[in-house]
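Right, one structure below, let's go through it.
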Amino acid sequence: MATFGDVKIKLEEQPESEGDTEDTEDDDDGMIKGRCYVPPGCPNKEQNNFGDEFESHFVVPHRLGNQPGELVEAVNDFHYAMINDRPRNEFYRECLRRAIVPGQSIVLEIGTGSGLLAMLAARLGAKRVVAIEASPHMAALARRNINANNLDGTITILEALSTELDADDIRKALGVSTRREVSISAQTSSDSKPFTSDLPDVLVSELFGTLLLGESALEYLKDARERLVRPQCRIVPPRGRQLAALVECPAIAELSRANDFEGLDLGHVNVLQDTASLVFAKQYGFRFGDVPSRFLAPTIEVLSCDFARDAPGDWKAEMEHLVTCSEAGTAHCVVLFWEASQGGPGTPSWEGADTLMMSTDPRATRSNFARDMQWGQGIQLLEDLDAEALDAVRNPGGISTRPPTPLVVKAGEQLRAAVRLSSDSVVLQFGVRRAAGA
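Numbering (full-length UniProt numbering) for the sequence shown: 1 to 438.
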């Protein structure tokens with residue numbers, strides 16, 4: 001069992017008394033309150049069969065009735081889109097090609113899903129592949145895919161969260177002696193140091209959410225690289241950046257406020273407009289790249305992550321970026337997207353001389369419907385916080401009834417963008433103010 005701070009991942013070992021039920025409440029996005037993201041279909045989460053979600057007179061195919069409802073919904077919501085994102089698959093194939101030494105490399109994959117990346121690794125010449133999948137149902141389907149492609153002699157699937165496994169579980173999957181077995185045989189030897197040379201030397205995963213770290217990618221990777229792989233293991237992909245931009249988007253504005261209708265003033269409802277929370281474009285039911293928008297300032301690098309070294313909490317809880325607007329307009333929202341990369345100048349030679357890139361920037365995904373359907377972008381509405389502060393001074397009694405003021409900016413104007421991170425660096429919040437003296 002792995003522990004991140006006071007977060008225990010092996011949920012079945014948690015107390016089951018009534019006083020503890022509040023601590024294990026599921027959130028809508030798969031997070032367990034106070035714990036890391038747990039993937040759909042994982043037995044550590046309460047499961048309802050898909051067929052139970054329908055009234056008795058509704059017809060549900062037999063193949064679906066007893067499947068976990070959450071898993072069926074997740075596969076149809078984003079997994080098919082992910083599998084059919086060909087540029088994504090090509091990105092991973094090329095990253096793996098550079099990382100794998102044919103006939104020698106041992107690959108560990110966290111979250112194999114359909115088994116696609118594990119099979120790509122096997123086809124690229126990996127000596128052995130151990131693929132971890134938390135959902136027993138998904139693991140069974142991955143095994144069928146692997147058998148159908150005649151790769152079952154190279155790939156072994158372990159059904160568990162990676163945090164529930166240890167190095168000896170990986171060794172058993174590889175068919176080599178465990179550390180305990182070696183320790184017993186070495187009791188009469190002067191050299192009984194722990195060994196790692198038989199563990200995987202390549203670690204691949206695709207644990208990204210709409211936000212780069214939104215599915216606890218860094219927690220899982222840090223745990224795996226410390227316990228399940230060799231030192232200096234090659235991480236695929238090795239790095240990522242969480243990015244953000246100030247955007248004018250009238251469609252977002254129209255969708256997120258009450259407008260007058262035929263002279264009837266409905267504006268008082270706008271006091272409830274949420275400019276504090278981050279939401280996802282998919283929640284609004286649209287592709288951001290399909291609606292007219294203007295980026296009003298250069299892209300902000302919220303954080304840059306080295307998956308081989310960084311850990312949750314490595315970044316400050318609040319960071320500030322000075323942004324100079326390149327265009328005049330109304331900053332309706334902050335749009336968040338990310339990029340994952342491998343290779344390029346200054347990187348280890350195995351990564352390659354040219355940079356491989358995968359991005360969710362809406363300007364880059366207009367021709368990639370599948371990518372927006374699996375990830376999309378994060379959106380936080382903006383308001384003029386300086387106007388709010390001024391109103392609080394002038395009319396403190398009316399602050400709770402004042403609708404938000406739009407954030408109108410000028411070309412060349414400087415803004416201070418405050419970025420707040422949760423303690424695990426998973427959740428983000430923005431606050432944008434005018435720079436002093438503006």
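Cβ atoms here follow ideal geometry from the backbone N, Cα and C, with glycine treated the same way.
### Query
For Asp191, does the count of other Cβ atoms within 10 angstroms reach 16, so buried, or fall short, so exposed?
As a position in the sequence shown, residue 191 is number 191, starting the count at 1. Residue placement at Asp191 is poorly supported in this model, since its pLDDT is 43, which falls under 50; the coordinates still yield a value, given next. Classification of Asp191: exposed, given that the 10 Å Cβ count is below 16.
### Query
Does the separation of the CB atoms of Ala435 and Arg416 fall below 8 Å?
Here residue 435 is taken as the residue at index 435 of the sequence shown, counted from 1. Here residue 416 is taken as the residue at index 416 of the sequence shown, counted from 1. Contact: yes.
### Message
In this structure, how does DSSP classify Ala417 when only helix, strand and coil are distinguished?
### Response
As a first step, residue 417 is located in the sequence shown; it is residue number 417 there, counting from the start. Correct three-state label for Ala417: strand.
### Within the segment 190 to 238, ranges of the beta strand (DSSP E) (whole runs, at least 3 residues)
202 to 205, 234 to 236
### Message
Quick check on this structure: which residue in Leu296, Pro40, Pro68, Pro403 has the alpha carbon closest to the alpha carbon of residue 482?
### Response
This structure leaves residue 482 out entirely; the chain is present only between 1 and 438.
### Query
Going along the chain, which residues of its own chain have a beta-carbon closer than 6 Å to the beta-carbon of Pro237, five neighbours each way excluded?
On the sequence shown, residue 237 is found 237 positions in, with the first residue counted as 1. Answer for Pro237: Cys95, Ala340, Gln342, listed in chain order.
### Message
For Met31 and Ala308, what's the separation of their Cα atoms in angstroms?
### Response
Residue numbering aside, residue 31 sits at position 31 when the sequence shown is read from its first letter. Residue numbering aside, residue 308 sits at position 308 when the sequence shown is read from its first letter. Below a pLDDT of 50, predicted positions are generally treated as unreliable, and Met31, at 44, falls in that range; the measurement from the model is reported next regardless. C-alpha separation (whole angstroms): 24 Å.
### Query
How should Ser422 be labelled, buried or exposed, when 16 other C-beta atoms within 10 angstroms of its C-beta is the threshold for buried?
For the purposes of this step, residue 422 is identified with residue 422 of the sequence shown, where counting begins at 1. Ser422 is exposed by the Cβ-count criterion.
### Message
DSSP three-state label for Asn89, please.
### Response
Locating residue 89 in the sequence shown gives position 89, where the first residue counts as 1. Assignment of Asn89 by DSSP, reduced to helix, strand and coil, places it in the helix class.
### Query
Using 8 Å as the Cβ pair cut-off and three pairs as the minimum, do the segment 271 to 283 and the segment 375 to 386 touch?
yes
### Task
Could you have a look at Phe286 and say whether DSSP puts it in helix, strand or coil?
Within the sequence shown, residue 286 is the residue found at index 286, counting from 1. In this structure, Phe286 counts as coil in the three-state DSSP scheme.
### Task
Would you kindly report the start and end of the unbroken alpha helix (DSSP H) that includes Phe58?
By 1-based counting over the sequence shown, the position of residue 58 is 58. Careful: Phe58 lies outside any alpha helix (DSSP H) and carries neither H nor E.
### Distance CB(Arg294)-CB(Val247) smaller than 8 Å
To locate residue 294, count along the sequence shown from 1; it is residue 294. To locate residue 247, count along the sequence shown from 1; it is residue 247. The answer is yes: Cβ separation under 8 Å.
### Message
Within 10 Å of its beta-carbon, does Asp372 have 16 or more other beta-carbons around it, so buried, or fewer, so exposed?
### Response
Residue numbering aside, residue 372 sits at position 372 when the sequence shown is read from its first letter. It is buried - the Cβ of Asp372 has at least 16 other Cβ atoms within 10 Å.
### Spatially closest choice to Val269 from Ile146, Arg257, Gly263, Val229, by CA coordinates
By one-based count along the sequence shown, residue 269 stands at place 269. It is Arg257 whose Cα lies nearest to the Cα of Val269.
### Query
Should the segment 78 to 96 be regarded as contacting the segment 193 to 211, the criterion being three or more beta carbon pairs within less than 8 Å?
yes
### Task
Check each candidate in Pro298, Leu266, Leu211 and name the one with the smallest Cα separation from Cys305.
Within the sequence shown, residue 305 is the residue found at index 305, counting from 1. The candidate whose alpha carbon is nearest that of Cys305 is Leu211.
### Query
Is the CB-CB distance between Leu381 and His332 below 8 Å?
By 1-based counting over the sequence shown, the position of residue 381 is 381. By 1-based counting over the sequence shown, the position of residue 332 is 332. Yes, the Cβ-Cβ distance between Leu381 and His332 is below 8 Å.
### Nearest residue (CA-CA) to Asp85, options His62, Glu226, Arg128, Leu116
For this step, residue 85 is matched to residue 85 along the sequence shown. Among His62, Glu226, Arg128, Leu116, the Cα nearest to that of Asp85 is on Leu116.
### Task
Under 8 Å Cβ to Cβ from Asp28, same chain only, skipping five residues before and after it: list those, please.
Along the sequence shown, read from residue 1 onward, the residue named residue 28 stands at position 28. The predicted position of Asp28 is uncertain, since its pLDDT is 44 and thus under 50; no value can be drawn from it.
### Task
In the DSSP assignment, find the unbroken beta strand (DSSP E) run with Phe337 in it and report its ends.
Within the sequence shown, residue 337 is the residue found at index 337, counting from 1. From DSSP, the beta strand (DSSP E) with Phe337 extends over 333 to 342.
### Query
Among all the DSSP beta bridges, which residues are the ones paired with Gln104?
By one-based count along the sequence shown, residue 104 stands at place 104. For Gln104, which the question treats as bridged, DSSP gives no partner whatsoever.
### Message
Taking 8 Å as the threshold (C-beta atoms), are Val302 and Leu243 in contact?
### Response
Indexing the sequence shown from 1 puts residue 243 at position 243. Indexing the sequence shown from 1 puts residue 302 at position 302. Result yes, Cβ atoms of Leu243 and Val302 sit closer than 8 Å.
### Integer-rounded CB distance, given that Glu133 should sit under 8 Å from Ala142
Counting from one through the sequence shown, the residue named residue 142 turns up at place 142. Counting from one through the sequence shown, the residue named residue 133 turns up at place 133. Their Cβ separation, rounded to whole angstroms, is 6 Å, which keeps Ala142 and Glu133 in contact under 8 Å.
### Query
Does the Cβ of Ser349 have 16 or more other Cβ atoms within 10 Å, making it buried, or fewer, making it exposed?
Here residue 349 is taken as the residue at index 349 of the sequence shown, counted from 1. Counting Cβ neighbours within 10 Å, Ser349 comes out exposed, since fewer than 16 surround it.
### Message
For Ala328 and Gly412, I'd like the C-alpha separation in whole angstroms.
### Response
Along the sequence shown, one-based indexing puts residue 328 at 328. Along the sequence shown, one-based indexing puts residue 412 at 412. Straight-line spacing of the CA atoms in Ala328 and Gly412 works out to 8 Å.
### Query
Enumerated in chain order, which unbroken segments of the beta strand (DSSP E) with a length of 3 residues or greater are wholly contained in the segment 129 to 183?
Listed in chain order, they are 155 to 159.
### Query
At what residues does the alpha helix (DSSP H) containing Val393 begin and finish?
Taking the sequence shown and counting its residues from 1, one reaches residue 393 at position 393. Unbroken alpha helix (DSSP H) run through Val393: 385 to 394.
### Message
Contact defined as beta carbons within less than 8 Å: I believe Ala126 pairs with Ile110. What is the distance between those atoms, to the nearest angstrom?
### Response
Against the sequence shown, residue 126 aligns to sequence position 126. Against the sequence shown, residue 110 aligns to sequence position 110. Not really, about 15 Å apart at Cβ, beyond 8 Å.
### Message
Between the segment 217 to 231 and the segment 159 to 177, can you find at least three pairs of beta-carbon atoms closer than 8 Å?
### Response
yes
### Task
Please specify which runs of the alpha helix (DSSP H), each continuous and at least 4 residues long, are wholly inside the segment 242 to 292, giving them in chain order.
250 to 255, 281 to 284
### Query
Alpha carbon to alpha carbon, how far is Phe208 from Gln283?
As a first step, residue 208 is located in the sequence shown; it is residue number 208 there, counting from the start. As a first step, residue 283 is located in the sequence shown; it is residue number 283 there, counting from the start. Roughly 17 Å between the two C-alpha positions.
### Of the listed residues Ala224, Ala140, Phe369, nearest to Ile157 (C-alpha basis)
In the sequence shown, the residue the question calls residue 157 occupies position 157. When only C-alpha atoms are compared, the closest one is Ala140.
### Query
Since Phe280 and Gly378 are thought to touch, with beta carbons under 8 Å apart, how far apart are those beta carbons, to the nearest angstrom?
Numbered from its first residue, the sequence shown carries residue 280 at position 280. Numbered from its first residue, the sequence shown carries residue 378 at position 378. So it is a contact: roughly 6 Å between Cβ atoms.
### Query
Does DSSP put residue 440 in a helix, in a strand, or in coil?
Any question about residue 440 goes unanswered here, given that the chain covers just 1 to 438.
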